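Number of protein chains: 2
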Amino acid sequence: MKRDSRLSSVLHALLHMESHGKPMTSEDLATCMSTNPVVVRRTMAGLRESGFVRSDRGPNGGWSIACDFDRVTLRDINAALGEPALFAVGNRHENPACLVEQAVNAALDDAFDAAEALLLERFATVTLAALAADFRRRFARHKSENGTKAHA
Amino acid sequence: MKRDSRLSSVLHALLHMESHGKPMTSEDLATCMSTNPVVVRRTMAGLRESGFVRSDRGPNGGWSIACDFDRVTLRDINAALGEPALFAVGNRHENPACLVEQAVNAALDDAFDAAEALLLERFATVTLAALAADFRRRFARHKSENGTKAHA
DNA sequence: ATAATTCGTAATAACTCAAGTTACATGAAA
DNA sequence: TTTCATGTAACTTGAGTTATTACGAATTAT
């Protein structure tokens, strides 16, 4: 089952955009997301509609951050992508006439609903600012491990 | 993203097999799972290897239950299917060099791991016997609602 | 033995859906 | 008015699943 990596890609893009300082073109972003500009525009469109980023045309145009990283969570970003299906597994028929299948679906749905609730709850606890902070921690450690050979 | 419905299908099949009493052919099962016999054999092969069902060739052959419904859970059945990926969403690169992407992946993985653990835990609490009992409850209610007009 | 039934499985075809691509229109800046 | 950049529709590609075909192997009944 092929996985949808748009959430991962978009977060990656947002963090790069923040440290970049000035607008990044779809082409820039496509390079860093290893995809192509049209896909970037399609994907980012949802974020723009939700007000998390803005896009400007023409020379010096491109994508820029339009939100407070402290106030936006992974859950918000996921919602802006259109709440893509989180689970790869599901019921064959959503409203089966067969009572056996109804019993099976009910049991599976209970479990999936609980897991989905937990996942979204977790997403809601992670702000973009927290992600950015984690990146800076990794960056600092990376520098201290690789920057001065004396410490190796 | 299309969903994998093998778990749902297989549970459906197991419950039918139990009430059927005698072996069911791949063709019988294909009808009730709305697929075709070869797919049934492929799907059930995992359950046979795990010892939950048996298959016999030749006339009067077919598939039959080979386990105690009280001792087998949804988690066991899911494992017998080869632990198919549960999530439709994932990271673009599993081991990225980019530190930004590493930070993003770490956050997402935390959330997914927690949700997966919960889901499997839930699966482990539901036995096939419980599913069968739930079906019988539904069947009884169905009869009382439709069988005697006096109660309507 | 022989015919009929049923599973086992490899090979292949058909289908589905997301991602990628092309093409062109729109708008902004210099 | 030229250049840069996004917006978007239409189309192509490609990966992954499921369905189908075809044939082999095992089992039962006669």
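Going line by line, the protein sequences match chains X and B.
Quick note on numbering: the first sequence equals residues 1 to 152 in the working numbering.
Quick note on numbering: the second sequence equals residues 153 to 304 in the working numbering.
Heads up, the beta-carbon is just placed ideally off N, CA and C, and yes, glycines get one too.
All figures in this text were calculated on a predicted structure; none of them were measured in a lab.
In or out: residue i buried (at least 16 other Cβ within 10 Å) or exposed?
i: residue 42(X); result: exposed
i: residue 171(B); result: exposed
i: residue 12(X); result: buried
i: residue 225(B); result: buried
i: residue 146(X); result: exposed
i: residue 149(X); result: Because the pLDDT of residue 149(X) is 48, which lies under 50, any placement of that residue in the model is unreliable, and the number read from its coordinates should be weighed accordingly. Its Cβ having fewer than 16 others within 10 Å, residue 149(X) is exposed.
i: residue 36(X); result: exposed
i: residue 78(X); result: buried
Do residue i and residue j have their C-beta atoms within less than 8 Å of each other?
i: residue 181(B); j: residue 192(B); result: yes
i: residue 81(X); j: residue 46(X); result: yes
i: residue 290(B); j: residue 103(X); result: yes
i: residue 135(X); j: residue 251(B); result: yes
i: residue 155(X); j: residue 244(B); result: Past the edges of chain X, shown from 1 to 152, lies residue 155(X), and the structure says nothing about it.
i: residue 31(X); j: residue 62(X); result: no
i: residue 308(B); j: residue 1(X); result: As shown, chain B starts at 153 and ends at 304. That puts residue 308(B) outside it, with no answer to give.
i: residue 69(X); j: residue 106(X); result: no
Whole angstroms are fine: how far does the CA of residue j sit from the CA of residue i?
i: residue 87(X); j: residue 115(X); result: 10 Å
i: residue 273(B); j: residue 118(X); result: 13 Å
i: residue 51(X); j: residue 71(X); result: 12 Å
i: residue 112(X); j: residue 216(B); result: 29 Å
i: residue 196(B); j: residue 109(X); result: 22 Å
i: residue 248(B); j: residue 242(B); result: 13 Å
i: residue 54(X); j: residue 292(B); result: 58 Å
i: residue 304(B); j: residue 296(B); result: Legend: pLDDT at residue 304(B) = 35, less than 50; position of this residue unreliable, no value from coordinates given.
i: residue 275(B); j: residue 227(B); result: 5 Å
i: residue 126(X); j: residue 22(X); result: 25 Å
i: residue 17(X); j: residue 48(X); result: 14 Å
Relative to chain X, which residues along the stretch 278-298 of chain B have a C-beta separation below 7 Å, given in chain order?
-> Hits within the stretch, in order: 278, 283, 286, 287, 290, 291, 294.
Pick out the complete beta strand (DSSP E) segments inside the stretch 32-99 of chain X, 3 residues or longer, and give them in chain order.
-> Taken in chain order, the complete beta strand (DSSP E) segments of 3 residues or longer contained in the stretch 32-99 of chain X are 53-56, 62-65.
For the stretch 85-106 of chain X, enumerate the residues whose C-beta is nearer than 9 Å to any C-beta of chain B, in chain order.
-> 85, 86, 87, 88, 89, 90, 91, 92, 93, 96, 98, 99, 100, 101, 102, 103, 104, 105, 106
Residues from the stretch 2-13 of chain X in contact with chain B, defined by Cβ distance under 7 Å = 3, 4, 5, 7, 8, 9, 11, 12
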